[in-house]
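Residue numbering for the sequence shown follows this note's numbering, beginning at -18 and increasing consecutively. Built from N, CA and C at the ideal position, the CB exists for glycine as well.
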Amino acid sequence: MAALMTVPNLIVAGSQKSGTTSLCAALEQHPDCYLSNPKEPNFFSRAVNEQRLASFSRCFRGVPDDAQVVVDGTTTYMADPAIAERIYRMLGPDTKFIFALRSPRKRAYSGFLHMLKRGHERRTAQEAFLSLPDDPVAAVQAERANVEVAAAARQVVAGPYVRQYDDVLWNFRYLTNSLFADQIEPFERLFGQDNILILLFEDMVTDFMSERARIAAFLGIPEQGLPQTLPRENQTRMPDTGTLWGRIDEQLRRIKRGNFVFVRKAEGQAPSRAPSDVDGKLTRLTDSEVAVWEQRLGRDLRAIGW
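See below:
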């Protein structure tokens, strides 16, 4: 008899830059939880992988057959509605999801900093955000067009993502990736709200004891196996302009098949907090999104920085 393949029954699907790496680190500390290796296999991000489920199971080598919770922590999955349908077809309707959300405007700017730090974003924050119209629907359309233009002009570097994602530009749509309600809707429609847990990054940071109780109840595991505070993982910090890294203009990032690939490294000129003009623009663009979640969660989210 062929051995059963180990695949995840829990996916921490997003959102990017909202504490998902820390959340997965907390889950990994629980004796009943097992995390994929790597943490973000990106398996469902490519349609071609629908025929490769056996290869996906290699990300879970060593996981016992009776493991209660098996976790895939890929934040890409939230950004593409086709992925929800792919997971449904391949893993079935009982798959559970955790979505960690954060202040949309802060998440958008943090996403920008993340790509700047990697050297894959060459625009300024003003170039990335200020030209967007104030209407969120129009802004999403404009952002998509702007990113395509930026990619053609090599202002954003998508090459490193060709083998990871069908949509290689998703990382650069910072506003779009911060409009959570539309992104979560396909998962709720397919898997049902009972299989989805919504967490807030701000709550996890300030009161993880309460959040771990919710997590444990959702997964059906003892909460004592989870840490009392959220681990600090994968924080995006920009260098000071006086550091050596901040002074580097061009750096060799990769040599592959004899071809030299150069990308611009972050120069330390982007502040950790959004400039006032950018923050104002993002506040206007995400105001309706905040209102949606205030109504849904029944609380004043602006009081916690949204």
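Quiz item: Helix, strand or coil: which one does DSSP assign to K20?
Solution: For the purposes of this step, residue 20 is identified with residue 39 of the sequence shown, where counting begins at 1. In the structure shown, K20 sits in coil (DSSP, three-state: anything other than H, G, I, E or B).
Quiz item: DSSP on L181, reduced to helix/strand/coil?
Solution: Here residue 181 is taken as the residue at index 200 of the sequence shown, counted from 1. L181: strand per DSSP, three-state reduction.
Self-check item: Nearest candidate by alpha-carbon position, reference N(-10), set D47, F93 and R144
Solution: In the sequence shown, counting from the first residue as 1, residue -10 sits at position 9. That would be D47, whose Cα lies nearest to the Cα of N(-10).
Quiz prompt | Rounded separation between T187 and S3 - CA only | solution = Mapped onto the sequence shown, residue 187 falls at position 206. Mapped onto the sequence shown, residue 3 falls at position 22. Spanning the two alpha carbons is a distance of roughly 14 angstroms.
Self-check item: Where V273 sits in the DSSP three-state scheme
Solution: For the purposes of this step, residue 273 is identified with residue 292 of the sequence shown, where counting begins at 1. Residue state, collapsed to three classes: helix.
Quiz item: Taking the alpha helix (DSSP H) that K87 falls in, what are its first and last residues?
Solution: If you number the sequence shown from 1, residue 87 lands on position 106. P85 to R99 is the extent of the alpha helix (DSSP H) around K87.
Practice problem: Rank S191, M(-14) and L278 by C-alpha distance to the C-alpha of L211 and give the top, closest one. | Solution: As a position in the sequence shown, residue 211 is number 230, starting the count at 1. Of the candidates S191, M(-14) and L278, the one whose C-alpha sits nearest the C-alpha of L211 is S191.
Exercise. Within its chain, find whatever has a CB closer than 6 angstroms to the CB of V78; leave out the 5 residues flanking it on each side and keep chain order.
Key: Within the sequence shown, residue 78 is the residue found at index 97, counting from 1. The amino acid occupying residue 78 in the given sequence is Phe; Val does not appear at that position. I(-8), A(-6), F168 and I177.
Practice problem: Pick out whichever of N152, E9, F93 and S253 has its Cα sitting closest to the Cα of G295. | Solution: The structure shown does not extend to residue 295, since the chain spans only -18 to 287, so no value can be given for it.
Practice problem: Would you kindly report the start and end of the unbroken beta strand (DSSP E) that includes D53? | Solution: Taking the first residue of the sequence shown as 1, we reach residue 53 at position 72. First-last of the beta strand (DSSP E) with D53: V50 to D53.
Exercise. Return the CA-CA distance between I202 and S17, expressed in angstroms with no decimal places.
Key: Numbered from 1 along the sequence shown, position 221 holds the residue referred to as residue 202. Numbered from 1 along the sequence shown, position 36 holds the residue referred to as residue 17. So the two alpha carbons sit approximately 18 angstroms from each other.
Quiz item: Is D116 near the ligand MN, with its Cβ less than 6 angstroms from a heavy atom?
Solution: For the structure depicted, the ligand MN is absent and the ligand set is empty, with no information on it obtainable.
Quiz item: According to DSSP, is K77 helix, strand or coil?
Solution: Position 96 of the sequence shown, counted from the first residue, corresponds to residue 77. Of the three classes helix, strand and coil, the one that applies to K77 here is strand, per DSSP.
Quiz item: What number of angstroms, rounded off, separates the C-alpha of N30 from the C-alpha of T76?
Solution: In the sequence shown, counting from the first residue as 1, residue 30 sits at position 49. In the sequence shown, counting from the first residue as 1, residue 76 sits at position 95. Cα-Cα distance, rounded: 18 angstroms.
Quiz item: Under a Cβ-count criterion, where at least 16 other Cβ atoms within 10 Å of its own Cβ denotes burial, should M96 be classed as buried or exposed?
Solution: As a first step, residue 96 must be located in the sequence shown, where it is residue number 115. With a threshold of 16 other beta carbon atoms within 10 Å, M96 meets it and is buried.
Self-check item: Identity of the residue in I165, Q107, R88 and V118 nearest N152 by Cα
Solution: Locating residue 152 in the sequence shown gives position 171, where the first residue counts as 1. Measuring from the Cα of N152, the nearest candidate turns out to be R88.
Quiz item: Can E204 and A194 be called in contact, C-beta distance under 7 angstroms?
Solution: Residue numbering aside, residue 204 sits at position 223 when the sequence shown is read from its first letter. Residue numbering aside, residue 194 sits at position 213 when the sequence shown is read from its first letter. Yes, the Cβ-Cβ distance between E204 and A194 is below 7 angstroms.
Quiz item: DSSP on V149, reduced to helix/strand/coil?
Solution: Within the sequence shown, numbered from 1, the residue matching residue 149 stands at position 168. Of the three classes helix, strand and coil, the one that applies to V149 here is coil, per DSSP.
Practice problem: Grab me the residues of E270's own chain with a C-beta within less than 6 angstroms of its C-beta, minus the 5 sequence neighbours each way, in chain order. | Solution: Counting from one through the sequence shown, the residue named residue 270 turns up at place 289. Within the same chain, E270 has close Cβ partners P85 and L160.
Quiz item: Can the beta-carbon of R83 be found less than 7 angstroms from the beta-carbon of S26?
Solution: Residue mapping note: residue 83 aligns to position 102 of the sequence shown, counting from 1. Residue mapping note: residue 26 aligns to position 45 of the sequence shown, counting from 1. The Cβ-Cβ distance between R83 and S26 does not fall below 7 angstroms.
Quiz item: Between R277 and G54, what straight-line distance do the alpha-carbon atoms span, to the nearest angstrom?
Solution: What you label residue 277 is simply residue 296 of the sequence shown in a count that begins at 1. What you label residue 54 is simply residue 73 of the sequence shown in a count that begins at 1. If I take the Cα positions, the gap works out to 25 angstroms.
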